[in-house]
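Enquirer:
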Amino acid sequence: MKFTEEHEWLRVEGDEVVVGITIHAAEQLGDVVFVELPEEGTTVSKDDEVVVIESVKAASDILAPIDGEITEVNSALTDNPSMVNDDPQGEAWFFKLKVSDASQMDEFMDEAGYQAFIG
Amino acid sequence: MSDLNRTPLFDLHVELGAKMVPFAGYEMPVQYPLGVMKEHQHTRKAAGLFDVSHMGQVILSGPSWEAVATAFETLVPMDVLGLGDGRQRYGLFTNDAGGIEDDLMFARRGDDLFVVVNAACKTADIARMKAALEPEITVTALTDRALIAVQGPGAEAAVAAMDAAAADMTFMDVRDLTLDGIAVWASRSGYTGEDGYEISVPEAQAEALTRKLLAQDGVEAIGLGARDSLRLEAGLCLYGHDIDATTNPVEGALNWAVQKVRRAGGDRAGGFPGAEPVMAAFENGAARKRVGLLPEGRAPMREGVAIFDAAEGGTQVGTVTSGGFGPTFGGPVAMGYVATEHSKIGTPLWGEVRGKRLPLTIAKLPFVAANFKR
């Protein structure tokens, strides 16, 4: 699993990556009450706002970590947003992305690097 | 955060693991390790303890109760003179335009009036009272007292376990209690829509009292986050958001707070700041009104969301002033102002969230029924 400075995780599955937010990010957000997912088939560029998460406190955007095409979204989150708090690095993935340029993955941290990053 | 004030319970909040944030000039607990959602739900089903010591506590005293009450009536459009000893009422400071400078609670303690005002407004409120009422009336800010709220269906058992007389109080009663040896002023009121107490205690004993209350069955410390979602579900105004210096009591749907004796035709009609515009609003109605707003989907509509009369095009007819997720309601809830012609319960309107018009309905307040001990 790779990690971004935006507190997202990416797991490679063939030519796709699965994207979610980290346990640390979920703890910071607090209780998640609403998730708005992108349309499947959407082409996105790195740093596009692709997901909106609302917690009891505030709304936050999840950015596309790399360029690609959204191939699948985890629509279970729409009906059950609290999954993001219960299992952020497992069941509560947000979307799968077909990667345009695999080299964009190189800049991301491994788990040890991410742990050091969040201190 | 060095220039922020701290309440007498600051160290206890930190010990309990609270996340502290700046609020109205104080470092206050926004949540504890339980989290906003569980803190909210715990308060509705058991009991929550809130530190509200940042609020202003003021005593007005004078030559007689009549003198104090009559003087205070020059600042608020409420029936103060008719308040029985040991009773409390909700009040509003108005300005010359009829707008609301602050909302408050006032209680009669013998010949004195005990006033509790919002933290963010307390300096201005105290100055206003001193300027208008002194020297005949003495205005004393009680800077050496903490204020602790215990709210929820378990509040009575928790407080009455320490002084059985607490159980004899009904909604809006105020009484001196002795809670496990600590002399306090208690009122049966709060800001959650639940039964409960607000307890004024000398600051030196505040932490000891709080620890004793937290040791009672089912009492958990609750932060400002859940306080906000609880009061929103209860349809209660947050000053500076749902009411402010530009909203009059009729626009704010607070007609009930202005007793008949102070309205046109009453024995003590008028005689408060902005009496003319407020009376005119009672007579003619207001162009806009505070209402409950029920978003149809799951997306919360927060403060500032514009409200339209059509899914596309149309015109803006209102704005959300408070909104979020209602944990007990189980979905998003909001309140705000809409043009009066759109304020009827059930009227369909649209809120613009991130550029999209999402349907909502004008809804009855409160979203969660009040659970007071009448």
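The listed protein sequences derive, respectively, from chains V and L. Each residue of the first sequence is one higher than the one before, counting from 1 in the working numbering. Each residue of the second sequence is one higher than the one before, counting from 120 in the working numbering. The beta-carbon is built from N, C-alpha and C at its ideal position, and this holds for glycine as well.
(1) List the residues of chain L whose Cβ lies closer than 7 Å to the Cβ of V33(V), in chain order.
(2) Are the C-beta atoms of K164(L) and some chain V residue less than 9 Å apart?
(3) To which residues of the same chain is A394(L) closer than 6 Å at the C-beta, ignoring the five residues directly before and after it?
(4) Please classify Y151(L): does DSSP put it in a helix, a strand, or coil?
(5) Please confirm whether A58(V) has its beta-carbon closer than 9 Å to some beta-carbon of chain L.
(6) Please confirm whether any heavy atom of the ligand GDP lies closer than 8 Å to the CB of I219(L).
(7) Answer yes or no: does any C-beta atom of chain V fall closer than 9 Å to that of P254(L)?
(8) Inspect the CB distances between the stretch 88-104 of chain V and the stretch 10-29 of chain V and report whether three or more fall short of 8 Å.
(9) Quick one: Cα of M120(L) to Cα of G384(L), how far?
(10) So, using beta-carbon positions, are A268(L) and I318(L) closer together than 9 Å?
(11) Kindly provide the ranges of any alpha helix (DSSP H) runs that are 4 or more residues long and lie completely inside the stretch 308-368 of chain L, ordered along the chain.
(12) Which same chain residues, not among the five before or five after N214(L), have their C-beta less than 8 Å away from its C-beta?
(13) Grab the span of the alpha helix (DSSP H) containing A279(L) for me, first residue to last.
(14) State the DSSP-derived secondary structure class of T262(L), mapped to helix, strand or coil.
(15) Alpha carbons only, please: which of M288(L), E460(L) and M454(L) is nearest the one belonging to C356(L)?
(16) List the DSSP bridge partners of Y209(L).
(17) Can you list, in chain order, the stretches of the alpha helix (DSSP H) that have 4 or more residues and sit fully within the stretch 378-442 of chain L?
(18) Output yes if chain L places a C-beta closer than 9 Å to the C-beta of T78(V); else output no.
(19) Would you report the Cα separation of T22(V) and A302(L), rounded to the nearest angstrom?
(20) Using the DSSP secondary-structure output, state which residues sit across from P478(L) in a beta bridge.
(21) Quick one: Cα of K120(V) to Cα of G470(L), how far?
(22) May I ask you to report which of helix, strand or coil DSSP gives L128(L)?
(23) Give, in chain order, every residue of the stretch 14-40 of chain V whose Cβ lies closer than 8 Å to some Cβ of chain L.
(24) State yes or no: is the beta carbon of V84(V) nearer than 9 Å to at least one beta carbon in chain L?
(25) Closest Cβ-Cβ distance between V258(L) and chain V: below 9 Å?
(26) With 9 Å as the threshold, decide whether the Cβ of V50(V) is near any Cβ in chain L.
(27) Whose CA, out of F444(L), P446(L), M156(L) and A425(L), lies closest to the CA of T65(L)?
(28) Rounded to whole angstroms, what's the CA-CA distance from T78(V) to E54(V)? Just pull it up for me.
(29) Assign T126(L) to one of two classes, buried (16 or more other C-beta atoms within 10 Å of its C-beta) or exposed (fewer than that).
(30) Relative to the alpha-carbon of G404(L), which residue among T193(L), P414(L), A388(L) and S462(L) has its alpha-carbon at the smallest distance?
(31) Would you mind stating whether E370(L) and R409(L) have Cβ atoms separated by less than 9 Å?
(32) Pick helix, strand or coil for M120(L), following the three-state DSSP scheme.
(33) Mind checking who M451(L) pairs with in its DSSP beta bridge?
(34) I'd like to know if R473(L) contacts chain V, where contact means its C-beta is closer than 9 Å to some C-beta of that chain.
(35) Quick check: what's the CA-CA separation for P141(L) versus H173(L)?
(36) Do H161(L) and G271(L) have their C-beta atoms closer together than 9 Å?
Expert: Working from what's here:
(1) What V33(V) touches in chain L: P419 and F444.
(2) Not one chain V Cβ lies under 9 Å of K164(L).
(3) Setting aside the 5 residues that flank it on each side, A394(L) has no residue in the same chain whose C-beta is closer than 6 Å to its C-beta.
(4) Note: Y151(L) maps to coil in three-state DSSP.
(5) Yes, contact with chain L.
(6) This structure does not include the ligand GDP; it has no bound ligands of any sort.
(7) No, because no Cβ of chain V sits closer than 9 Å to the Cβ of P254(L).
(8) Result yes; three or more Cβ-Cβ pairs closer than 8 Å.
(9) Summary for M120(L): the model assigns pLDDT 46, below 50, so the residue's position carries little reliability, and this model does not support an answer.
(10) In this structure, I318(L) lies closer than 9 Å to A268(L) by Cβ.
(11) For the stretch 308-368 of chain L, whole alpha helix (DSSP H) runs of length 4 or above, ordered along the chain, are 322-333 and 343-352.
(12) The residues are E220, A364, P392 and G393.
(13) A274 to A279 is the extent of the alpha helix (DSSP H) around A279(L).
(14) Note: T262(L) maps to coil in three-state DSSP.
(15) Out of M288(L), E460(L) and M454(L), M454(L) has the C-alpha closest to the C-alpha of C356(L).
(16) According to DSSP, which records beta bridges pairwise, Y209(L) is partnered with M224(L).
(17) Listed in chain order, the complete alpha helix (DSSP H) runs (minimum 4 residues) inside the stretch 378-442 of chain L are 394-403.
(18) Yes, its Cβ sits closer than 9 Å to a Cβ of chain L.
(19) In this structure, the alpha-carbon of T22(V) lies about 49 Å from that of A302(L).
(20) W469(L), per the DSSP bridge assignment.
(21) This structure gives no information on residue 120(V), because the portion of chain V shown stretches from 1 to 119.
(22) Three-state DSSP puts L128(L) in coil, outside helix and strand.
(23) When C-beta distances to chain L are compared with 8 Å, the residues of the stretch 14-40 of chain V below that value are G30, D31, V33, F34 and E36, in chain order.
(24) Taking Cβ atoms only, chain L never reaches closer than 9 Å to V84(V), which makes this a no.
(25) Cβ-Cβ to chain V under 9 Å: no for V258(L).
(26) No, its Cβ sits nowhere closer than 9 Å to a Cβ of chain L.
(27) Nothing can be reported for residue 65(L), as the shown portion of chain L is limited to 120 through 493.
(28) In a straight line, the C-alpha of T78(V) is about 11 Å away from that of E54(V).
(29) It counts as buried.
(30) Nearest neighbour of G404(L) by Cα position, chosen from T193(L), P414(L), A388(L) and S462(L), turns out to be S462(L).
(31) A contact, by the Cβ cut-off of 9 Å.
(32) For M120(L), the pLDDT reaches just 46, beneath the cut-off of 50, and the residue's location in the model is therefore unreliable, although a value from the coordinates is still provided. Coil at M120(L), not helix or strand.
(33) Note on residue identity: the sequence assigns Pro, not Met, to residue 451(L). DSSP, once it has assigned bridges, lists F444(L) as partnering P451(L).
(34) With 9 Å as the cut-off, R473(L) counts as an interface residue toward chain V.
(35) Distance between the alpha carbons of P141(L) and H173(L): 11 Å.
(36) Less than 9 Å divides the Cβ of H161(L) from the Cβ of G271(L).
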